[in-house]
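Colleague: Pasting a structure here, questions to come.
There are 2 protein chains.
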Amino acid sequence: MLAAERRDHLLGLLAREGKIVAKDVAAGLGISEDSVRRDLRDLAAEGLCQRVYGGALPVSPAVAGYAARQAVAPDGKRKVASVAAGLVRPGGALILDGGTTALAVARALPQDLACTVITHSPTVAAALLDHPQAELFLLGGRIFKHSAVACGAAAVEAAQNVSADLCLLGVTGVHPEAGLTTADSEEAAMKRALSERAADTYILASSEKLGTASRFRVLPWEKVSGLITDAARDDAVVEQINAIGVEVLTAG
Amino acid sequence: MLAAERRDHLLGLLAREGKIVAKDVAAGLGISEDSVRRDLRDLAAEGLCQRVYGGALPVSPAVAGYAARQAVAPDGKRKVASVAAGLVRPGGALILDGGTTALAVARALPQDLACTVITHSPTVAAALLDHPQAELFLLGGRIFKHSAVACGAAAVEAAQNVSADLCLLGVTGVHPEAGLTTADSEEAAMKRALSERAADTYILASSEKLGTASRFRVLPWEKVSGLITDAARDDAVVEQINAIGVEVLTAG
DNA sequence: CCTGTTCTTGCGCGTTTTTGCATGTACGGT
DNA sequence: ACCGTACATGCAAAAACGCGCAAGAACAGG
Numbered sequence: 001m002l003a004a005e006r007r008d009h010l011l012g013l014l015a016r017e018g019k020i021v022a023k024d025v026a027a028g029l030g031i032s033e034d035s036v037r038r039d040l041r042d043l044a045a046e047g048l049c050q051r052v053y054g055g056a057l058p059v060s061p062a063v064a065g066y067a068a069r070q071a072v073a074p075d076g077k078r079k080v081a082s083v084a085a086g087l088v089r090p091g092g093a094l095i096l097d098g099g100t101t102a103l104a105v106a107r108a109l110p111q112d113l114a115c116t117v118i119t120h121s122p123t124v125a126a127a128l129l130d131h132p133q134a135e136l137f138l139l140g141g142r143i144f145k146h147s148a149v150a151c152g153a154a155a156v157e158a159a160q161n162v163s164a165d166l167c168l169l170g171v172t173g174v175h176p177e178a179g180l181t182t183a184d185s186e187e188a189a190m191k192r193a194l195s196e197r198a199a200d201t202y203i204l205a206s207s208e209k210l211g212t213a214s215r216f217r218v219l220p221w222e223k224v225s226g227l228i229t230d231a232a233r234d235d236a237v238v239e240q241i242n243a244i245g246v247e248v249l250t251a252g
Numbered sequence: 001m002l003a004a005e006r007r008d009h010l011l012g013l014l015a016r017e018g019k020i021v022a023k024d025v026a027a028g029l030g031i032s033e034d035s036v037r038r039d040l041r042d043l044a045a046e047g048l049c050q051r052v053y054g055g056a057l058p059v060s061p062a063v064a065g066y067a068a069r070q071a072v073a074p075d076g077k078r079k080v081a082s083v084a085a086g087l088v089r090p091g092g093a094l095i096l097d098g099g100t101t102a103l104a105v106a107r108a109l110p111q112d113l114a115c116t117v118i119t120h121s122p123t124v125a126a127a128l129l130d131h132p133q134a135e136l137f138l139l140g141g142r143i144f145k146h147s148a149v150a151c152g153a154a155a156v157e158a159a160q161n162v163s164a165d166l167c168l169l170g171v172t173g174v175h176p177e178a179g180l181t182t183a184d185s186e187e188a189a190m191k192r193a194l195s196e197r198a199a200d201t202y203i204l205a206s207s208e209k210l211g212t213a214s215r216f217r218v219l220p221w222e223k224v225s226g227l228i229t230d231a232a233r234d235d236a237v238v239e240q241i242n243a244i245g246v247e248v249l250t251a252g
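Those sequence lines, one after another, are chains Y and L. Heads up, the first sequence is in the UniProt record's numbering, so the first residue is 1 and it goes up one at a time. Heads up, the second sequence is in the UniProt record's numbering, so the first residue is 1 and it goes up one at a time.
Next comes the structure, spelled out in structure tokens:
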């Protein structure tokens, strides 16, 4: 049994049955549970499955979690969102990323703020429908369920036709050396495209993202105007980022 | 039964039935009530449910979802949506309009239907995020707030790049002579553009729309494959439309 | 063909997580 | 106010996990 063959088998099983129990697979294939666990760990690192105690589940449950997650914005994200919302000038144009933090920003925008918001996230767009003064522009494309945003060639192309004063990006990894990273390459490309269409780019990073890195790089620090976080001003990672020359806005 | 799987099951149950009774679930799954209680406590800690004596409730009526929200949708629209959802073939491609009736269709689509849905409505897109098998394509453009859909030149242009088997359109006026009409010219143009990209176009029309006409024409009857309504089969307007040669699907 | 290296795989071992049960406490209906 | 039920907590057994290690296979280069 080839290793790659085994991984395919696991993915097939996952798609067919909706779950994987490490013990059963090991017994069925006559290999050790360790190998199964190792494979599962690798697949999870590539975002192809979700590792859970006892086996693995498809990544899609993460989507179900998304709808539920957006109901309650953790305190950290709310603080970050509030600071970010303060950066938006009346009459200005804002490019707003997708994800839970960006959604929190949308909700934190003053109800009667007159500005233009450009987004590739249907949930962000839906959240801004009740801002009567806000002009909304939606970037279309194939929707990546994982994070509920439009990505891919069509979305990047659509982004080329807009420009703005400010771009607020969410990422999954913020690291002094690795820069800004995210788990999906398409998403990374999309965020890059958005950033290039704005005069200034600020990163939304609740404290748990600091010091971590994901697989795909979004931007190097040079392309970023600032970082918005709820971490303490004397946090080790915050100080390192400050030393690079990036403005850090802390939400105490 | 994996622990994570059990938690998903609980969340699903919560969304479907609007409540969880710890005892029943424990009996149904053949596990101890303690495990159920522990799971509920964890979910509550993450803000995914509200713990109550005896079980749990959704964190907010909005998340309760589906069962509750659909009850909010007027009965007529729900019936129309249900019939419309039945027209969608597995593996097929559907162009879905915006508006409350189209949103009801999105919610009426089977959770695990594998199909492609193209829409210019961020709310429809958001509603379909939890359909793991559905491929979603969003048409971008300037958002018209009153109906919450992308319209205008960019949106029409984006629509030119897609095609589908079926297009489901909502309108505000359905009249035997005036044809299909709506209140906004941009929206009318957008609906026209969508209709042209699909092999078949069906109109979603709850009974109160029948016999009325709005300012801007969307389509003449010749361009329409059928009408889906909750009006009676022997309704005067329905019979007139039938006489024109348009298929009328009634949702008894 | 031989050798050193790298990668994979299975196993042992200590650690962590889960789970059902028992106990005492808090709650809600009657 | 009382009684049954639901609850939290502590506990111990079992399962799952991660890590390090060593044997073996595959591989590259001389």
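C-beta atoms are modelled at their ideal positions from N, C-alpha and C, and glycine is treated no differently.
For a contact meaning CB atoms closer than 7 Å, what does residue 122 of chain L contact in chain Y?
Modeller: On the second sequence, position 122 is the one that residue 122 of chain L refers to. Result: 122, 125, 126, 138.
Colleague: Is the stretch 126-143 of chain Y close to the stretch 135-146 of chain L, with three or more CB pairs under 8 Å?
Modeller: Here the stretch 126-143 of chain Y lies against the stretch 135-146 of chain L, with 3 or more beta-carbon pairs under 8 Å apart.
Colleague: How many Å lie between residue 196 of chain Y and residue 22 of chain Y at the Cα?
Modeller: Translated into positions along the first sequence, residue 196 of chain Y becomes position 196. Translated into positions along the first sequence, residue 22 of chain Y becomes position 22. One C-alpha to the other measures close to 44 Å.
Colleague: Since residue 228 of chain L sits in a beta bridge, which residues does DSSP pair it with?
Modeller: By one-based count along the second sequence, residue 228 of chain L stands at place 228. DSSP, once it has assigned bridges, lists L:204, L:249 as partnering residue 228 of chain L.
Colleague: If we call anything under 9 Å between Cβ atoms a contact, is residue 252 of chain L one with residue 205 of chain L?
Modeller: As a working note, residue 252 of chain L is residue 252 in the second sequence. As a working note, residue 205 of chain L is residue 205 in the second sequence. The answer is no: Cβ separation not under 9 Å.
Colleague: In chain order, which continuous runs of the beta strand (DSSP E) of length 3 or greater are located wholly inside the stretch 142-222 of chain L?
Modeller: 149-151, 164-170, 173-175, 179-182, 198-205, 216-219
Colleague: If distances are taken between C-alpha atoms only, which option among L:140, L:221, L:207, L:58 comes closest to residue 234 of chain L?
Modeller: Your numbering for residue 234 of chain L matches position 234 in the second sequence. That would be L:207, whose Cα lies nearest to the Cα of residue 234 of chain L.
Colleague: Along the chain, where does the alpha helix (DSSP H) that runs through residue 139 of chain Y open and close?
Modeller: Reading the first sequence from its first residue, position 139 is the one you call residue 139 of chain Y. Note, residue 139 of chain Y: premise wrong, no alpha helix (DSSP H); not H, not E.
Colleague: Going straight from the alpha carbon of residue 20 of chain Y to that of residue 184 of chain L, what length do you get?
Modeller: One-based indexing of the first sequence puts residue 20 of chain Y at position 20. One-based indexing of the second sequence puts residue 184 of chain L at position 184. It is roughly 52 Å from the alpha-carbon of residue 20 of chain Y to the alpha-carbon of residue 184 of chain L.
Colleague: Would you kindly report the start and end of the unbroken alpha helix (DSSP H) that includes residue 83 of chain L?
Modeller: Walking along the second sequence from the start, residue 83 of chain L turns up at place 83. It spans 75-86 - the alpha helix (DSSP H) in which residue 83 of chain L sits, taken as one unbroken run.
Colleague: Please confirm whether residue 54 of chain Y has its beta-carbon closer than 9 Å to some beta-carbon of chain L.
Modeller: The residue you call residue 54 of chain Y lines up with position 54 of the first sequence. Yes, residue 54 of chain Y lies at the interface with chain L (some Cβ there is under 9 Å from its Cβ).
Colleague: Quick check on residue 243 of chain L: does DSSP put it in helix, strand or coil?
Modeller: Here residue 243 of chain L refers to the residue found at position 243 when the second sequence is read from its first residue. In the structure shown, residue 243 of chain L sits in a helix (DSSP, three-state: H, G or I).
Colleague: Express the C-alpha separation of residue 14 of chain L and residue 32 of chain L in angstroms, rounding to a whole number.
Modeller: Within the second sequence, numbered from 1, the residue matching residue 32 of chain L stands at position 32. Within the second sequence, numbered from 1, the residue matching residue 14 of chain L stands at position 14. Computed Cα separation, rounded: 19 Å.
Colleague: Mind checking if residue 258 of chain Y is an interface residue toward chain L, Cβ cutoff 9 Å exclusive?
Modeller: Nothing can be reported for residue 258 of chain Y, as the shown portion of chain Y is limited to 1 through 252.
Colleague: Please compile the residues from chain Y whose C-beta is within a distance smaller than 9 Å of the C-beta of residue 20 of chain L.
Modeller: Taking the second sequence and counting its residues from 1, one reaches residue 20 of chain L at position 20. By Cβ distance, chain Y contributes nothing, its closest Cβ being about 14 Å from residue 20 of chain L, past 9 Å.
Colleague: Look up residue 111 of chain L in the DSSP assignment and give the residues it is bridged to.
Modeller: For the purposes of this step, residue 111 of chain L is taken as residue 111 along the second sequence, with counting starting at 1. In the DSSP output, where bridge partners are listed per residue, residue 111 of chain L has none listed.
Colleague: Among the residues of its own chain, which have a CB less than 7 Å from the CB of residue 158 of chain Y, if the five just before and after it don't count?
Modeller: Here residue 158 of chain Y refers to the residue found at position 158 of the first sequence. Only 139, 140, 141 meet the Cβ criterion.
Colleague: State yes or no: is the beta carbon of residue 141 of chain Y nearer than 9 Å to at least one beta carbon in chain L?
Modeller: What you label residue 141 of chain Y is simply residue 141 of the first sequence in a count that begins at 1. Yes, because at least one Cβ of chain L sits closer than 9 Å to the Cβ of residue 141 of chain Y.
Colleague: Run down chain Y in chain order and give the residues with a C-beta less than 8 Å from the C-beta of residue 158 of chain L.
Modeller: For this step, residue 158 of chain L is matched to residue 158 along the second sequence. What residue 158 of chain L touches in chain Y: 140, 154, 158.
Colleague: Which word fits residue 38 of chain Y, buried or exposed, when buried means at least 16 other C-beta atoms lie within 10 angstroms of its C-beta?
Modeller: By one-based count along the first sequence, residue 38 of chain Y stands at place 38. Exposed is the call here.
Colleague: Residue range of the beta strand (DSSP E) that residue 38 of chain L falls in?
Modeller: By one-based count along the second sequence, residue 38 of chain L stands at place 38. Run containing residue 38 of chain L: none in the beta strand (DSSP E); it sits in the alpha helix (DSSP H), 33-45.
Colleague: Measuring CA to CA, which of Y:217, Y:149, Y:199 is closest to residue 177 of chain Y?
Modeller: If you number the first sequence from 1, residue 177 of chain Y lands on position 177. That would be Y:217, whose Cα lies nearest to the Cα of residue 177 of chain Y.
Colleague: According to DSSP, is residue 89 of chain L helix, strand or coil?
Modeller: By one-based count along the second sequence, residue 89 of chain L stands at place 89. Coil at residue 89 of chain L, not helix or strand.
Colleague: With DSSP as the reference, please indicate the residues paired to residue 55 of chain L in a beta bridge.
Modeller: What you label residue 55 of chain L is simply residue 55 of the second sequence in a count that begins at 1. Per DSSP, L:21, L:52.
Colleague: Figure out for me which residue from L:114, L:86, L:94, L:124 has the closest Cα to the Cα of residue 104 of chain L.
Modeller: Walking along the second sequence from the start, residue 104 of chain L turns up at place 104. Between residue 104 of chain L and the set L:114, L:86, L:94, L:124, the nearest pair of CA atoms involves L:124.
Colleague: Of all the CB atoms in chain Y, is at least one closer than 9 Å to the CB of residue 196 of chain L?
Modeller: Taking the second sequence and counting its residues from 1, the one referred to as residue 196 of chain L is at position 196. No, residue 196 of chain L does not count as interfacial toward chain Y.
Colleague: Output yes or no for whether 9 Å exceeds the beta carbon distance between residue 116 of chain L and residue 98 of chain L.
Modeller: Indexing the second sequence from 1 puts residue 116 of chain L at position 116. Indexing the second sequence from 1 puts residue 98 of chain L at position 98. Going by C-beta atoms, residue 116 of chain L is not nearer than 9 Å to residue 98 of chain L.
Colleague: What residues are listed by DSSP as bridge partners for residue 260 of chain Y?
Modeller: No answer is possible for residue 260 of chain Y: the residues shown for chain Y start at 1 and end at 252.
Colleague: Any Cβ of chain Y within less than 9 Å of the Cβ of residue 239 of chain L?
Modeller: As a position in the second sequence, residue 239 of chain L is number 239, starting the count at 1. It does not; no Cβ of chain Y falls within 9 Å.
Colleague: Checking contacts by CB at 9 Å: is residue 242 of chain Y closer than that to chain L?
Modeller: Here residue 242 of chain Y corresponds to residue number 242 of the first sequence, with the count starting at 1. Residue 242 of chain Y does not count as touching chain L.
Colleague: Check the Cβ of residue 148 of chain L against every Cβ in chain Y and list those closer than 7 Å, keeping chain order.
Modeller: Mapped onto the second sequence, residue 148 of chain L falls at position 148. Simply 129.
Colleague: In or out: residue 202 of chain Y buried (at least 16 other Cβ within 10 Å) or exposed?
Modeller: As a position in the first sequence, residue 202 of chain Y is number 202, starting the count at 1. It is buried - the Cβ of residue 202 of chain Y has at least 16 other Cβ atoms within 10 Å.
Colleague: Measuring only between beta-carbons, confirm whether residue 145 of chain L sits less than 9 Å from chain Y.
Modeller: What you label residue 145 of chain L is simply residue 145 of the second sequence in a count that begins at 1. Taking Cβ atoms only, chain Y reaches closer than 9 Å to residue 145 of chain L, which makes this a yes.
Colleague: Pop quiz: residue 168 of chain Y and residue 109 of chain Y are said to be a contact at Cβ under 8 Å. What is the actual Cβ separation, rounded to whole angstroms?
Modeller: Looking up residue 168 of chain Y in the first sequence gives position 168. Looking up residue 109 of chain Y in the first sequence gives position 109. Between residue 109 of chain Y and residue 168 of chain Y the Cβ distance is about 11 Å, and since that is not below 8 Å, they are no contact.
Colleague: Based on Cα-Cα distance, which residue from L:188, L:1, L:180 lies nearest to residue 241 of chain L?
Modeller: Residue mapping note: residue 241 of chain L aligns to position 241 of the second sequence, counting from 1. Checked all of L:188, L:1, L:180; the closest Cα to residue 241 of chain L is L:180.
Colleague: Helix, strand or coil: which one does DSSP assign to residue 7 of chain Y?
Modeller: Counting from 1 along the first sequence, the entry for residue 7 of chain Y is found at position 7. Here residue 7 of chain Y sits in helix by DSSP.
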